[in-house]
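Since the structure comes first, as structure tokens, the remarks are kept for the end.
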Amino acid sequence: SAEKQTYIVHMSHHHIPPSFNQDHTHWFDSSLKSVSPSAEMIYTYQNVIHGFSTRLTAQEAESLETLPGIISVLPELKYELH
Amino acid sequence: TTRTPEFLGLDQKSNLFPQSDGESDVVIGVLDTGVWPESKSFDDTGMGPAPSAWNGACEAGTNFTVSNCNRKLIGARFFAKGYEATLGPIDETKESRSPRDDDGHGTHTSTTTGGSVVAGANLLGYAPGSARGMASRARIAVYKVCWIGGCFSSDILAAMEKAITDNVNVLSLSLGGGTADYYRDSVAIGAFAAMEKGILVSCSAGNAGPTSYSLSNVSPWITTVGAGTLDRDFPAYVSLGNGRNYSGVSLYKGPTLPDKMLPFVYAGNASNSTSGALCMPGTLLPDKVKGKIVLCDRGVNARVQKGSVVKEAGGVGMVLTNTAANGEELVADAHMLPATTVGQKEGDEIRKYVISDSAPTAGILFQGTKLGIQPSPVVASFSSRGPNTITPEILKPDIIAPGVNILAGWSGAVGPTGLPDDTRRVEFNIISGTSMSCPHVSGLAALLKAARPEWSPAAIRSALMTTAYTAYKNGKIIEDLATGKPSTPFDHGAGHVDPVSAVNPGLVYDLTADDYFDFLCALNYTPAQIQVVTKRNTTCDTTKSYSIGNLNYPSFAVVVSSDSTGKTGSTVVKHTRTLTNVGPASTYKVTTFSDSKGVQMSVVPNTLTFSKVNEKQSYTVTFTVGDMAAGSNAFGRIEWSDGKYVVGSPVAVSW
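Which chain is which? The protein sequence lines are A and B, in order. In short: position in the first sequence from 1, add 34, done, that's this note's numbering. In short: position in the second sequence from 1, add 920, done, that's this note's numbering.
This is the structure we're talking about:
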């Protein structure tokens, strides 16, 4: 359970707390650090999704999903060339 | 590519796309394994500066500098952070941490979409001609998201994020994952955002055919492309000691076999392994194959690897036979020893001979490139098939395009077989897959975008679908290679792409992001799922009745559940559609066709009159469907015609 995997974290653009002054990246990071102080964001996204990707344990992912403004935390998928 | 421009009628392009002077303003983004910028297909002679709206960049990295880009290849980026987060730092001895293509696949697909004209192109002399992309004057931007270990969705999302802000007009993705629901599928999610920005996203349907329900990339806002053959082949006959000859295909070029019959052995009888017939590494006994031609069965390991295994064990040639999984599909390979691939039926007969004869012999006769092969196109066996696993009420694939034995640009880092011991280097290679048919449609979409800049992605896709053909000139339906019988809309979608007609379709089925939002409501998506896909905070209108069947899609799929039988033992389903006029004022009449008496269609109104461009008219189709055994399918068509334009839609009914 301590093993980490990559997750895609979808945040609700409209639920950013006022205290972040619309600084979405800061909000993403503080949400992440609240469940895993050492976790880093791999990418942040604004157009394709509203959120970021990061590596978490399953338990950290579950905790993150309960935070306000988090829509879903989905495991990364691997695609193959056709 | 060579031959596909002629096969698609693009060689007449000069008078068909006169409007597409804007072609050089269209940018095609390709998410793949990167690019080999030295390919002649990226020659930018005569091209003006990149379009003013272009925001992209050329990222430097290992073996790649910003000077590798030019006015054809105007963008090159790479995304490895997701891949490295999972698999660790990229091994730079094996692959370049840069946009450089070490695999070949990305160069092949990007040059297929928009490669410049290159005279005298060929692979070892095969498929010679002037190679050119579908939109040979469009610009290309590559986004490297696939590495040796695969293509990770966090990288794919980052690339799509960048492609949107870079301002590409078309996105081409020859990759797929399992059949995750739209809100779990990063390609589907990224494609929704791209579609909202007016970007057409074209994806490969997958190579898991001919099994049903085997499609990838089935979102309705994605153009899903299956694969068909060309009228070109590379025959290489097998002659046996019993006087019989069997046709096969091969791209082998090199020292020919001696001009006599050679000893012939079945790999299954030249191995200590139970799977010896597959010619897997280390399974052939040299003393049993030395100096002989070896019969290998397809399956498990790569076709070209089998040839390498035979060569290593001392064999002088290989006959590779299809099994039931591939039937009569003949995909040609640039084997490293004299080799040919034969269909399942032929292979079974050859196997019988080589096992039963006391001193079996064989020879292989290479015939080079043959054109005018008929029937063509046929649906490739490997092309994934419907119905749509996620939403059976949306008919997929949308369309088929050339995907078998396609010549296009290749990487200089790897040989034509891609095998480590293949030290040959080629400028063009011939490979097969829906990976090859997808970029054909991406490039054709770019051509249409240039000719019709005001069209939405849905309108472009509609034009490609309603003008696609499902029958040969003799009236016979396009054949399915897997069955030898006529293919169905679950195999060919709306049919084979016909760009010459697509530029003037008469009417289109248009769709907006709001329509797709309503579609997700019809799926009963939760607000969270809808927000993941659409990034919208709005919820479905509880006072509205949403229906999947009313998504204004250019095709129809009706799913009859056994509990919906009405009093008369029949089910009534209504679908409404809206047509937008993109041609001259005219009056269209509808005709319907069903291949089953159990399916009746009535259309109200049955005449639509348009007096100006962009005028919209709606109609409702009532399907009255009798009882059939579960798992049955029936097919048909709904066509609107004014005598000049035909706006055709396939119909599929499933029980």
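Ideal placement from N, C-alpha and C gives every residue a C-beta, glycine not left out.
Environment of residue i [buried if 16+ CB atoms lie within 10 Å]
{"i": "residue 1438 of chain B", "result": "buried"}
{"i": "residue 1444 of chain B", "result": "exposed"}
{"i": "residue 1396 of chain B", "result": "exposed"}
{"i": "residue 1494 of chain B", "result": "exposed"}
{"i": "residue 1291 of chain B", "result": "exposed"}
{"i": "residue 939 of chain B", "result": "Because the pLDDT at residue 939 of chain B is just 48, under 50, the model does not fix this residue reliably, and the value given afterwards should be weighed accordingly. Label assigned to residue 939 of chain B: exposed."}
{"i": "residue 53 of chain A", "result": "exposed"}
{"i": "residue 107 of chain A", "result": "buried"}
{"i": "residue 1176 of chain B", "result": "exposed"}
{"i": "residue 1430 of chain B", "result": "buried"}
{"i": "residue 1185 of chain B", "result": "buried"}
{"i": "residue 1576 of chain B", "result": "Outside the displayed range of chain B (921 to 1575) lies residue 1576 of chain B, so it cannot be described from this structure."}
{"i": "residue 1236 of chain B", "result": "buried"}
{"i": "residue 1318 of chain B", "result": "buried"}
{"i": "residue 93 of chain A", "result": "exposed"}
{"i": "residue 74 of chain A", "result": "exposed"}
{"i": "residue 1449 of chain B", "result": "buried"}
{"i": "residue 962 of chain B", "result": "buried"}
{"i": "residue 1524 of chain B", "result": "exposed"}
{"i": "residue 927 of chain B", "result": "buried"}
For residue i, the first and last residue of its enclosing beta strand (DSSP E)
{"i": "residue 1521 of chain B", "result": "1519–1524"}
{"i": "residue 1238 of chain B", "result": "1237–1241"}
{"i": "residue 1050 of chain B", "result": "1046–1051"}
{"i": "residue 948 of chain B", "result": "947–952"}
{"i": "residue 883 of chain B", "result": "Nothing about residue 883 of chain B can be read from this structure; chain B reaches only from 921 to 1575."}
{"i": "residue 1040 of chain B", "result": "1038–1043"}
{"i": "residue 1214 of chain B", "result": "1213–1217"}
{"i": "residue 1064 of chain B", "result": "1059–1064"}
Span of the alpha helix (DSSP H) around residue i
{"i": "residue 1354 of chain B", "result": "1354–1371"}
{"i": "residue 1270 of chain B", "result": "1264–1276"}
{"i": "residue 1436 of chain B", "result": "1433–1442"}
{"i": "residue 1074 of chain B", "result": "1073–1086"}
{"i": "residue 1450 of chain B", "result": "1447–1454"}
{"i": "residue 1231 of chain B", "result": "1223–1232"}
{"i": "residue 1295 of chain B", "result": "Residue 1295 of chain B -> no alpha helix (DSSP H), and no H or E assigned at all."}
{"i": "residue 926 of chain B", "result": "924–927"}
{"i": "residue 974 of chain B", "result": "Unbroken run through residue 974 of chain B: none, as it is neither H nor E."}
{"i": "residue 62 of chain A", "result": "58–69"}
{"i": "residue 1030 of chain B", "result": "1025–1034"}
Residues that residue i bridges to, as DSSP identifies them
{"i": "residue 1539 of chain B", "result": "B/1497"}
{"i": "residue 1545 of chain B", "result": "B/1491 and B/1519"}
{"i": "residue 1283 of chain B", "result": "B/1159"}
{"i": "residue 109 of chain A", "result": "A/41"}
{"i": "residue 1560 of chain B", "result": "B/1510 and B/1567"}
{"i": "residue 984 of chain B", "result": "B/981"}
{"i": "residue 75 of chain A", "result": "A/88"}
{"i": "residue 1416 of chain B", "result": "B/1320 and B/1389"}
{"i": "residue 1183 of chain B", "result": "B/1281"}
{"i": "residue 1397 of chain B", "result": "B/1391"}
{"i": "residue 1476 of chain B", "result": "B/1571"}
{"i": "residue 884 of chain B", "result": "Residue coverage of chain B in this structure runs from 921 to 1575, which leaves residue 884 of chain B outside it and unanswerable."}
{"i": "residue 1290 of chain B", "result": "B/1153"}
{"i": "residue 1529 of chain B", "result": "B/1507"}
{"i": "residue 989 of chain B", "result": "For residue 989 of chain B, which the question treats as bridged, DSSP gives no partner whatsoever."}
{"i": "residue 997 of chain B", "result": "B/1063"}
{"i": "residue 1191 of chain B", "result": "B/1204"}
{"i": "residue 1070 of chain B", "result": "B/1067"}
{"i": "residue 960 of chain B", "result": "Residue 960 of chain B pairs with nothing; no bridge assigned."}
{"i": "residue 1095 of chain B", "result": "A/115"}
{"i": "residue 28 of chain A", "result": "The question about residue 28 of chain A has no answer here: the residues shown for chain A are numbered 35 through 116."}
Whole-angstrom C-beta distance between residue j and residue i, which should lie under 8 Å
{"i": "residue 1242 of chain B", "j": "residue 1225 of chain B", "result": "Incorrect: roughly 16 Å between the Cβ atoms, too far for contact."}
{"i": "residue 1135 of chain B", "j": "residue 1144 of chain B", "result": "7 Å"}
{"i": "residue 1347 of chain B", "j": "residue 1375 of chain B", "result": "In fact, because the Cβ distance is near 35 Å, the residues do not count as touching under 8 Å."}
{"i": "residue 1326 of chain B", "j": "residue 1350 of chain B", "result": "7 Å"}
{"i": "residue 1214 of chain B", "j": "residue 1252 of chain B", "result": "Rounded, the Cβ-Cβ distance is 19 Å, inconsistent with contact."}
{"i": "residue 942 of chain B", "j": "residue 1419 of chain B", "result": "16 Å between Cβ atoms; not a contact."}
{"i": "residue 1160 of chain B", "j": "residue 1123 of chain B", "result": "43 Å between Cβ atoms; not a contact."}
{"i": "residue 1169 of chain B", "j": "residue 1187 of chain B", "result": "That belief does not hold up - the Cβ atoms of residue 1169 of chain B and residue 1187 of chain B are roughly 20 Å apart, past 8 Å."}
{"i": "residue 91 of chain A", "j": "residue 36 of chain A", "result": "6 Å"}
>> I'd like the ranges of any alpha helix (DSSP H) spanning at least 4 consecutive residues and lying wholly in the stretch 1121–1167 of chain B.
In response: none
> Counting only runs that start and end within the stretch 1298–1363 of chain B, where is the beta strand (DSSP E) found for 3 or more residues in a row?
Replying inline: 1319–1322, 1326–1329 and 1348–1351
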